[in-house]
Amino acid sequence: MNPFSRRHFIQLGAAAAVSPFFIARAQEASQKKLGVALLGLGDYSTNQLGPALKQTKNARLAGIVTGSPEKIPKWQKEYEIPDGNIYNYQNFDTIADNKDIDIVYVVTPTALHPEFTIRAAQAGKHVICEKPMAPTTADCMRMIEAVKKAGKTLQIGYRLHWDPNHMRLMDAMKKKEFGDWKSISTANGSVMKSFTGLNAWRIGKDLGIAGALYDMGVYCVQGSLYTAGMNPVSVTAKHFTDRPEIFKEVPETYEWVLEFADGRKAEGTSSYGRQGNFLRAVVEKGVVEIAPGYNYGGGPKGRTPDGEMNFGPVNQQALQIDGQVASILAGTPSLVPGEMGARDIQVINGIIEAAETGKAFTFGKFPY
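With the first letter of the sequence shown counted as 1, position 227 gets the number 227 in UniProt numbering; the numbers rise by one all the way through.
And the structure:
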């Protein structure tokens with residue numbers, strides 16, 4: 001069992017106290033910035049979401065929820081968070097009484113997403129849940145139902161829906177600007193050498209579920225499906241491990257082939273032991289490609305048969321949060337609803353099943 005377990009993660013808390021059109025509609029609906037509480041203050045919150053919330057037009061960082069009390073002073077100082085807006089995992093439910101916080105952004109390891117999404121909804125808050133949504137499709141549906149019952153919204157942290165390169169690809173593929181697609185291939189992987197300390201959960205079944213497939217492969221599934229413009233009917237897959245001394249609970253690498261109803265296919269790879277970072281569609285007039293495909297920071301770089309996309313760098317997370325908050329304020333459908341996250345988990349679970357059995361897995365009805 002991985003030492004950084006779900007129970008260990010929870011117990012740490014015991015010691016601690018869109019598009020311009022939609023954004024315009026949201027600003028008309030309310031001039032108030034919605035208050036966001038980040039639940040989980042790991043690397044992604046610290047280095048991406050926190051700084052992004054300094055740039056957002058529709059949202060502000062209003063609170064934090066953490067199991068690490070030693071992190072609180074730095075966050076309070078940098079973001080001017082009042083004592084009353086700081087929670088741990090035990091007293092989190094009292095956030096229901098805090099009118100300063102409208103949205104909880106769940107940024108914990110994957111296995112904890114269902115619990116905290118449901119608790120946030122029961123506290124009367126909108127929820128943004130970081131990808132991947134949850135361990136199983138059943139977990140996803142419980143999350144969706146809880147948020148619906150509360151009359152709130154559930155959105156997934158799919159930042160690339162606001163990246164200009166991926167938006168350009170989606171638009172070109174939807175319109176068949178360069179003809180229909182013939183094949184799709186994608187990979188998201190890196191040679192990760194250290195899985196110690198707070199990074200250890202990624203290679204344990206308890207919190208990381210299936211390692212790189214959940215952490216990085218979800219981008220490949222997403223990219224394949226919005227490039228194809230349809231859901232798959234079946235998948236074949238395999239997994240393997242080059243460093244068994246490190247990967248004792250989850251495979252190091254997954255490879256799969258999604259098949260669609262018309263026989264076309266999308267190949268994918270996710271890995272903690274092999275490099276790969278691209279999304280590529282062979283189309284009638286050439287190639288539409290984003291490589292690197294899934295970065296933030298310097299960002300993706302795309303090209304079409306017409307040439308380079310030439311978009312400058314953007315803060316994907318700031319655009320994502322602004323777009324998500326805009327949809328809440330304007331009452332418009334989310335670009336990345338919970339049902340989309342559930343669909344992607346259904347695909348990932350199918351990949352795991354196919355890899356384990358060595359047989360093609362046929363998908364049932366998708367929620368999105």
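Glycine included, C-beta positions come from ideal geometry on N, C-alpha and C.
Check: Of the residues F92, G223, I246 and K99, the one placed nearest G35, counting alpha carbons only; Outcome: K99
Check: Helix, strand or coil at R142 [DSSP, three-state]; Outcome: helix
Check: C-beta atoms of N231 and F363 nearer than 9 angstroms; Outcome: yes
Check: Other residues of its chain near A261: CB distance less than 7 angstroms, five sequence neighbours each side excluded; Outcome: V233
Check: Residue closest to G323, alpha-carbon to alpha-carbon, out of T304, V336, G312 and F311; Outcome: V336
Check: Per DSSP, the bridge partner or partners of R303; Outcome: E289 and E308
Check: 7 angstroms Cβ shell around L41 - same chain, five flanking residues per side excluded; Outcome: I64, T66, S68, K71 and W75
Check: Same chain, Cβ closer than 6 angstroms to Q55, neighbours up to 5 away in sequence not counted; Outcome: N315 and A318
Check: 8 angstroms contact criterion, which M170 and G341 should meet: CB distance rounded; Outcome: Going by Cβ atoms, the distance from M170 to G341 rounds to 17 angstroms, so no, they are not a contact pair.
Check: Start and end residues, beta strand (DSSP E) containing K182; Outcome: W181 to G189
Check: Counted within 10 angstroms of its Cβ, other Cβ atoms place T196 as buried (16 or more) or exposed; Outcome: exposed
Check: Endpoints, the beta strand (DSSP E) within which K238 is located; Outcome: S234 to F240
Check: Segment contact, 8 angstroms Cβ cut-off, at least three pairs: the region 138–146 with the region 248–267; Outcome: no
Check: Where residue 454 falls: helix, strand or coil (DSSP); Outcome: The chain is shown only over 1 to 368; residue 454 falls outside these bounds and no answer can be derived.
Check: Cβ pair D93, R119 closer than 9 angstroms; Outcome: yes
Check: Contact with chain D by A354, beta-carbon distance below 9 angstroms; Outcome: This model lacks chain D altogether, as it is built from one protein chain only.
Check: Residue burial classification, K278 (beta-carbon count within 10 angstroms, cutoff 16); Outcome: A quick correction: the sequence has Phe, not Lys, at residue 278. Classification for F278: buried.
Check: Nearest-angstrom Cβ-Cβ length linking T241 and C220, presumed shorter than 8 angstroms; Outcome: About 19 angstroms; that fails the 8 angstroms criterion.
Check: Span of the beta strand (DSSP E) around R60; Outcome: A59 to V65
Check: First through last residue of the alpha helix (DSSP H) which encompasses R119; Outcome: H113 to Q122
Check: Alpha helix (DSSP H) runs contained entirely in the region 32–107, provided each spans 4 or more residues; Outcome: 72–79
Check: Sequence-distant residues of its chain with Cβ nearer than 8 angstroms to I95 (five each side left out); Outcome: A37, G63, V65, Y87, I101, V104, A120, A123 and K125
Check: Given 8 angstroms, three or more beta-carbon pairs between the region 251–260 and the region 208–225; Outcome: yes
Check: Residues near F116 in its chain [Cβ-Cβ closer than 7 angstroms; skip 5 each side]; Outcome: L39, V106 and T108
Check: DSSP state of N277 mapped onto helix, strand, coil; Outcome: strand
Check: Cα-Cα separation, Q275 to G307; Outcome: 25 angstroms
Check: Beta-carbon gap between V250 and A200 smaller than 9 angstroms; Outcome: no
Check: At least 3 beta-carbon pairs within less than 8 angstroms: the region 157–176 vs the region 291–300; Outcome: yes
Check: Cα-Cα separation between D215 and I144, rounded to whole angstroms; Outcome: 21 angstroms
Check: Same chain only: Cβ atoms within 7 angstroms of A172, ignoring 5 sequence neighbours per side; Outcome: F178, V288 and T304
Check: Closest residue to L213 among G273, I290, N58 and A291 (Cα-Cα distance); Outcome: G273
Check: Three-way DSSP call (helix, strand, coil) for I356 in this model; Outcome: For the record, residue 356 in the displayed sequence is Glu; it is not Ile. Reduced to three states, the DSSP call for E356 is helix.
Check: Contacting residues, own chain, Cβ-Cβ under 6 angstroms from A291 (five flanking each side not counted); Outcome: F278
Check: Residues near A237 by beta carbon distance below 6 angstroms, same chain, minus five either side; Outcome: W256, I351, A354 and A355
Check: For L49 and R60, believed in contact at Cβ under 8 angstroms, the rounded distance; Outcome: Incorrect: roughly 12 angstroms between the Cβ atoms, too far for contact.
Check: Cutoff 7 angstroms; reference residue 375; Cβ partners in own chain excluding five residues on either side; Outcome: Residue 375 lies beyond the stretch modelled for the chain, which goes from 1 to 368, so this question has no answer here.
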